[in-house]
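For the sequence shown, this note's numbering assigns the number 219 to the initial residue and increments by one for each residue that follows. Here's the structure we're looking at; comments come further down.
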Amino acid sequence: YTIAYMKKRSILIILAILVIAVIVFLISSRKTQHFMDASITTPDSAIKTFIEVMVPHHQEAVRTSEQVLADKTSENFDLRLVSGRIVDAQTFEIIQMLSWYEEWFKVDFDLSGISHTKHYMPMMNTAGLTGVELEKAYAKGMIKHHEMGVEMAKELLAAFDAFDEGRDIDSGDLVIHES
Numbered sequence: 219y220t221i222a223y224m225k226k227r228s229i230l231i232i233l234a235i236l237v238i239a240v241i242v243f244l245i246s247s248r249k250t251q252h253f254m255d256a257s258i259t260t261p262d263s264a265i266k267t268f269i270e271v272m273v274p275h276h277q278e279a280v281r282t283s284e285q286v287l288a289d290k291t292s293e294n295f296d297l298r299l300v301s302g303r304i305v306d307a308q309t310f311e312i313i314q315m316l317s318w319y320e321e322w323f324k325v326d327f328d329l330s331g332i333s334h335t336k337h338y339m340p341m342m343n344t345a346g347l348t349g350v351e352l353e354k355a356y357a358k359g360m361i362k363h364h365e366m367g368v369e370m371a372k373e374l375l376a377a378f379d380a381f382d383e384g385r386d387i388d389s390g391d392l393v394i395h396e397s
């Protein structure tokens with residue numbers, strides 16, 4: 219074999235490995251970003267799963283927001299203001315979802331989150347951070363966090379479309395709390 223052939227072959231092997239790595243990444247990231255799976259076969263199971271995912275999702279937002287509020291080295295007033303609003307709004311929404319869950323499914327919601335870990339994977343890593351490092355990680359994390367919340371809501375709506383039935387959203391059962 220010539221040196222040119224060997225270089226060309228090495229480049230092709232590297233490209234093939236990169237393509238495989240990208241495909242594996244896309245497949246694995248797709249699995250962790252979607253909460254709807256084959257076990258969801260009815261509109262009620264879609265709503266139940268959505269709440270089981272959204273409660274820990276909101277709890278994570280509240281927990282990290284409280285971390286920002288508790289950090290005495292954080293000086294960003296606007297970020298602290300947003301953090302307080304997130305705590306208020308998402309605490310309200312957690313209470314509302316727990317009430318719906320217990321009313322609609324006649325079971326208590328497991329607040330430990332143990333039964334919901336198959337659906338929700340935390341996405342904000344702020345443990346041990348303070349000051350500017352915490353502020354940056356929190357801001358970046360909240361953007362990703364809320365984008366994922368929107369995606370989960372879209373998946374729920376898509377599931378309703380697929381079932382071609384569902385709860386009457388215009389009935390007043392669904393209340394959106396804005397801060």
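Quick reminder that beta carbons are idealized off the backbone N, C-alpha and C, glycines included. These numbers come from a predicted model, not from an experiment.
Return the residue from the list the options that minimises the CA-CA distance to residue i.
i	options	result
Ser283	Ala377, Lys354 and Glu369	Lys354
Lys358	Arg298, Glu311, Met342 and Arg281	Met342
Thr344	Leu287, Val271 and Phe310	Leu287
Asp306	Val280, Leu375 and Glu293	Val280
Asp296	Tyr356, Thr220 and Phe310	Tyr356
Gly367	Ala222, Glu311 and Thr220	Glu311
Thr465	Ser317, Met370 and His276	Because the chain here runs from 219 to 397, residue 465 falls outside it and cannot be looked at.
Counting C-beta neighbours from all protein chains within 10 Å, is the total for residue i 16 or more, i.e. buried, or is it exposed?
i	result
Glu365	exposed
Leu299	exposed
Phe327	buried
Val325	exposed
Ile304	buried
Val271	buried
Ile361	exposed
Leu374	buried
Thr250	Bear in mind that a pLDDT of 43 at Thr250, under 50, signals an unreliable position, so the model cannot answer this.
Ala380	exposed
Ala371	exposed
Ala264	buried
Spatial neighbours of residue i within its chain, please: CB distance less than 8 Å, with the 5 preceding and 5 following residues excluded, ordered by chain position.
i	result
Glu278	Pro340, Met341, Met342 and His363
Thr348	Asp289, Thr291 and Ser292
Phe323	Asp262 and Lys266
Ser317	none
Is it true that the CB of residue j sits closer than 9 Å to the CB of residue i?
i	j	result
Ala398	Pro274	An answer regarding residue 398 cannot be provided, because it is not within the stretch 219 to 397 covered by the chain.
Ile269	Met315	yes
Identify, in the order they occur along the chain, each residue of the same chain with its Cβ nearer than 7 Å to the Cβ of residue i, setting aside the five sequence neighbours on each side.
i	result
Asn294	Glu353
Using a Cβ-Cβ cut-off of 6 Å (strictly less than) and excluding sequence neighbours within five positions of residue i, which residues of its own chain qualify?
i	result
Tyr319	Ile269 and Phe327
Ser168	Beyond the ends of the chain as shown, which are 219 and 397, falls residue 168; an answer cannot be given.
Ser330	none
Which residue marks the beginning of the alpha helix (DSSP H) containing residue i, and which one marks its end?
i	result
Gly302	Phe295 to Phe323
Met272	Pro261 to Ala288
Asp379	Gly349 to Phe381
Within 9 Å of any Cβ in chain D, is that where the Cβ of residue i sits?
i	result
Phe378	Absent from the structure: chain D. Only one protein chain is present.
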